[in-house]
Amino acid sequence: MVSGPDAVAGRWDVFCRVVDNFGDAGVSWRLARGLALEHGKRVRLWLDDPATLARLRPEVDPASSSQAVDGVEIRKWSAGLPDVAVDGIADVVVETFGCDTPGPYVEAMAARSPRPRWVNLEYLSAEDWVEGCHALPSPHPRFAPLTRHFFFPGFTSRTGGLIREAGLLHRRDAFQRDPQIEARFWVETAGCIPPPGSLKVSLFGYESAPFAALLECMAASSTPIWAALPAGPASNAAEAWARSRGAAGTGALTLLPVPFLPQDRYDELLWTCDVNIVRGEDSFVRAQWASRPFVWQPYPTADGAHWVKLGAFLGRYTGGMDRRCAGAVTGLWEAWNRGEGLDSVWQGFAAALPGLRSSARQWCDRLAAQPGLVDQLVDFADHVIA
Ligand code: TRH
18 MVSGPDAVAG
28 RWDVFCRVVD
38 NFGDAGVSWR
48 LARGLALEHG
58 KRVRLWLDDP
68 ATLARLRPEV
78 DPASSSQAVD
88 GVEIRKWSAG
98 LPDVAVDGIA
108 DVVVETFGCD
118 TPGPYVEAMA
128 ARSPRPRWVN
138 LEYLSAEDWV
148 EGCHALPSPH
158 PRFAPLTRHF
168 FFPGFTSRTG
178 GLIREAGLLH
188 RRDAFQRDPQ
198 IEARFWVETA
208 GCIPPPGSLK
218 VSLFGYESAP
228 FAALLECMAA
238 SSTPIWAALP
248 AGPASNAAEA
258 WARSRGAAGT
268 GALTLLPVPF
278 LPQDRYDELL
288 WTCDVNIVRG
298 EDSFVRAQWA
308 SRPFVWQPYP
318 TADGAHWVKL
328 GAFLGRYTGG
338 MDRRCAGAVT
348 GLWEAWNRGE
358 GLDSVWQGFA
368 AALPGLRSSA
378 RQWCDRLAAQ
388 PGLVDQLVDF
398 ADHVIA
């Protein structure tokens, strides 16, 4: 057990392999940036696909094999890299989402004294078993002195918490308090400002999401709805749906295609909208920090495990709600993920929004009472594991 000032580890290597979509790069980037900017760590983010990160952070050069952004050294992780003879190894090694640290690097870790600390940052889940697995050690089968620790993000004090940048909620509050700032966001992002009294909705989902059915419900709304559609499945589906409507038009619904936004700008979209439809892991967390009602589509897997994740989170998220709100959230989320039955639940959800808005705020405040994931991970690496 190493403790005390000499235990503070300054050099961190974070490994990320982009499976698909954006979340792997999105989460790993937030982690690396927090370690560098908020904890003064010397961080290298080894990323196999910098082009994916460049979509989230336009300052990133997709073609570069080595660059520095926001205090993070971003290195392209490819065959033979890192070259441990040249690049050395860090004091703390974080592999994200079980991406497996490269073999030669692990061998160099085993040969180094003191041994580097080694953490596997897992996927986010609200399931009960996570608390029992968080922070558990797993000795390496080949290199006995090496122990990998499993670090689970989560929603309770017995997990590693959620990534929350310093000052995030203050920046959100300042944005949400100032109509001028919100208006400027809409003009810069969509070229227009949704009129007062309209319901603003952001849509981000997988190809499988029933976008057309939801847009149909919104078109029939008794109040105006403005839907922001970041470039991708949502905007493609909306374009096809509007074409299919032909002369009937889009009713109470106004479609607002917007570019795929830089991460920090996407936060602002979530902060200004009244309802956010999100997916995966990172936008799911960002919608909770926006403290607005939201709908979540977990990453769908062939074995249906996403239903278990959905149910586990719904259990926690609706636990403090009254029956009407809990029923409205559960009904719409299940219909959204099932891909059917939206017409019978959308109205109930829209009618419950005032109560859902205060529930979203309470939920966010409850999460914000816990230390953020980066703070917890640094404490874990510097003061808990050898
Ligand atoms: O893109 P995703 O589906 O990523 C997924 C999940 O992370 C999932 O857990 C993982 O198993 C799979 O990848 C491999 O959804 P997610 O996690 O919300 O990541 C999207 C990122 O894109 C997030 O950081 C927000 C960001 N984003 C923008 O920066 N601008 C935008 O305009 C939009 C719509 C999203």
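The sequence shown maps to residues 18 to 403 in my numbering.
Here a beta-carbon is modelled for each residue, glycine too, at the ideal position from N, C-alpha and C.
The C-alpha of residue 229 lies about 7 Å from the C-alpha of residue 255. DSSP, reduced to helix, strand and coil, places residue 362 outside both helices and strands of the structure shown, so it counts as coil. Counting only residues of its own chain and dropping the five nearest sequence neighbours on each side, residue 61 has a CB closer than 6 Å to the CB of 30, 90, 92. Residue side-chain check: residue 296 places its Cβ nearer than 7 Å to a non-hydrogen atom of the ligand TRH. Residue 327 carries a helical assignment under DSSP once its states are collapsed to helix, strand and coil. In the displayed model, residue 92 falls within a strand according to three-state DSSP. For residue 28, the enclosing beta strand (DSSP E) starts and ends at 28-33.
Residue environment for residue 181: buried (at least 16 other C-beta atoms within 10 angstroms of its C-beta).
Residue 35 and residue 111 have their C-alpha atoms roughly 15 Å apart. Residue 340 and residue 161 have their C-alpha atoms some 52 Å from each other. Here the stretch 216-226 lies against the stretch 313-327, with 3 or more beta-carbon pairs under 8 Å apart.
Here residue 200 is exposed, its C-beta having fewer than 16 other C-beta atoms within 10 Å.
Here the stretch 156-175 does not lie against the stretch 184-204, with fewer than 3 beta-carbon pairs under 8 Å apart. Restricting attention to beta strand (DSSP E) runs no shorter than 3 residues, the stretch 248-311 encloses them at 270-275, 292-296, ordered along the chain. Classified as exposed, residue 240 has fewer than 16 neighbouring CB atoms from the shown chains inside 10 Å of its CB. Look at residue 176 here: in three-state DSSP terms it is coil, with no helix or strand label.
With a cut-off of 7 Å, the C-beta of residue 39 is classified as near the ligand TRH, since at least one heavy atom of the ligand falls inside that distance. DSSP, read as helix, strand or coil, puts residue 136 in strand. By the beta-carbon neighbour count (other beta carbons within 10 angstroms, threshold 16), residue 297 is buried.
Contact annotation: residue 367 and residue 273 have beta-carbon atoms that are not nearer than 8 Å.
Remark: three or more beta-carbon pairs, one from each stretch, lie closer than 8 Å, so the stretch 43-59 and the stretch 383-396 are flagged as touching. Fewer than three pairs of CB atoms, one per stretch, sit closer than 8 Å, so the stretch 192-199 makes no contact with the stretch 345-364. Annotation: residue 144 is outside any beta strand (DSSP E) and is labelled neither H nor E by DSSP. Rounded to whole angstroms, the gap between the alpha carbons of residue 269 and residue 104 is 58 Å. A Cβ-Cβ separation of about 6 Å places residue 251 in contact with residue 221 under the 8 Å criterion.
Counting along the chain, residue 387 sits inside no beta strand (DSSP E), nor does DSSP assign it H or E at all. Taking non-hydrogen atoms of the ligand TRH into account, the C-beta of residue 36 is found less than 7 Å away from one of them.
Minimum Cα-Cα distance from residue 238 among the listed residues 362, 150, 94, 327 corresponds to 362. Beta-bridge partners of residue 394 (DSSP): none assigned. Secondary structure note for residue 61: its beta strand (DSSP E) is the uninterrupted segment 59-64. Under the criterion of beta carbons closer than 8 Å, residue 178 and residue 337 do not qualify as touching, at roughly 19 Å.
Residue 204 counts as exposed, since fewer than 16 other C-beta atoms from the protein chains shown sit within 10 angstroms of its C-beta.
The criterion of a C-beta distance shorter than 8 Å is satisfied by residue 67 and residue 79.
Remark: the shortest separation between the CB of residue 140 and any heavy atom of the ligand TRH falls under 7 Å.
The Cβ-Cβ distance between residue 284 and residue 217 does not fall below 8 Å. A distance criterion of 7 Å places the beta-carbon of residue 27 beyond contact range of the ligand TRH, judged by its closest non-hydrogen atom.
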